[in-house]
Each structure stands twice: as C-alpha cells, then as structure tokens.
Amino acid sequence: MSQFFEAVSWRRWVCSCRVLPFFFKHSRPLREASLVISHAGSGSIFETLRLAKPLIVVVNEDLMDNHQSELAEELAERKHLYCARPQTLTQIIAGLDVESLLPYHPGDATPVAKLINHFLGLPDD
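Residue numbers (the UniProt record's numbering): 1 to 125.
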C-alpha cells in the first residue's frame, strides 16, 4: 500500500484514506466520502452513484462470466464512473478528473412493472 501513496500523493494532493471491508446502505462513511473505490458489484455501484459520489470500480477478473466488467465498462463509457483493473488502479487515480463524470439518473421501472402486472393479471399497484 505504501507504494500506492508514493505514486499519487506527490502529484496533486496528499490523501488520507479510510479503508472499510464493506459498507451498509447509506452508511455514514459512504455519505461523507469524497471518492469511493469499490469492487464492481452492481449493488455497490448503484448505491454509490445514487449518492452522487465519484466512483472508481475495480473489476474482479477472476469471475467466470466477468459480468462485473460488462456493467462497469458500460457505466464508464457513459462517464458515470471510472473502471479499473488491479494493475491499472494507480494510473486511474493519478489521472482522475472527477469533474468529467456525469450524474447517474436511475431509470423508472414503473412502466415495466405495470406491463408485467397486466400480463400476469395482477392489479397495477
């Protein structure tokens, strides 16, 4: 970890980090974070984006179907987050420009839910 700090702290900022093994939905550390670096699980991604926090996701390349990379790369292409691999994380941090990220606006699932309810003969609650 010290190699990481040597690589980035001299460039633009001196950073202090708080490392958490996981966080709970709407946790205080997540709400107070100025930058989140997370695994690329969909729950972690969307929770962080809903809170409008700059996000770097690190894809787990050991997953068999690599579903994390599909979601992370798509959201990175749309400029909602940065997508890294373990070997590229320091370069992503060094070149970070949070101002270039665009806000994520979740879609409205109501029309799809109503269509499914109608198909199943259920009321449109």
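Every residue, glycine too, gets a C-beta built ideally from N, C-alpha and C.
Close Cβ partners of residue i (< 7 Å) along its chain, the five nearest in sequence each way excluded
i, result
"residue 20", "29"
"residue 114", "124"
"residue 42", "71"
Nearest to residue i (by Cα), restricted to the options the options
i, options, result
"residue 88", "50, 122, 61", "61"
"residue 55", "97, 66, 109", "97"
"residue 31", "48, 17, 44", "48"
"residue 50", "110, 27, 67", "27"
Same chain, Cβ closer than 8 Å to residue i, five either side skipped, listed in chain order
i, result
"residue 58", "37, 38, 39, 40, 84, 85, 86, 89"
"residue 119", "none"
Beta-bridge pairing of residue i - partner residues as DSSP gives them
i, result
"residue 126", "The structure shown does not extend to residue 126, since the chain is modelled only from 1 to 125, so the question has no answer here."
"residue 38", "57"
Contacts around residue i, its chain only, beta-carbon distance under 6 Å, and the 5 residues preceding and following it disregarded
i, result
"residue 63", "none"
"residue 69", "59"
"residue 44", "38"
Inter-stretch contact (C-beta, 8 Å, three-pair minimum) for the region 100-107 and the region 79-91: yes
Touch test, the region 62-77 against the region 30-38, Cβ-Cβ under 8 Å, three pairs minimum: no
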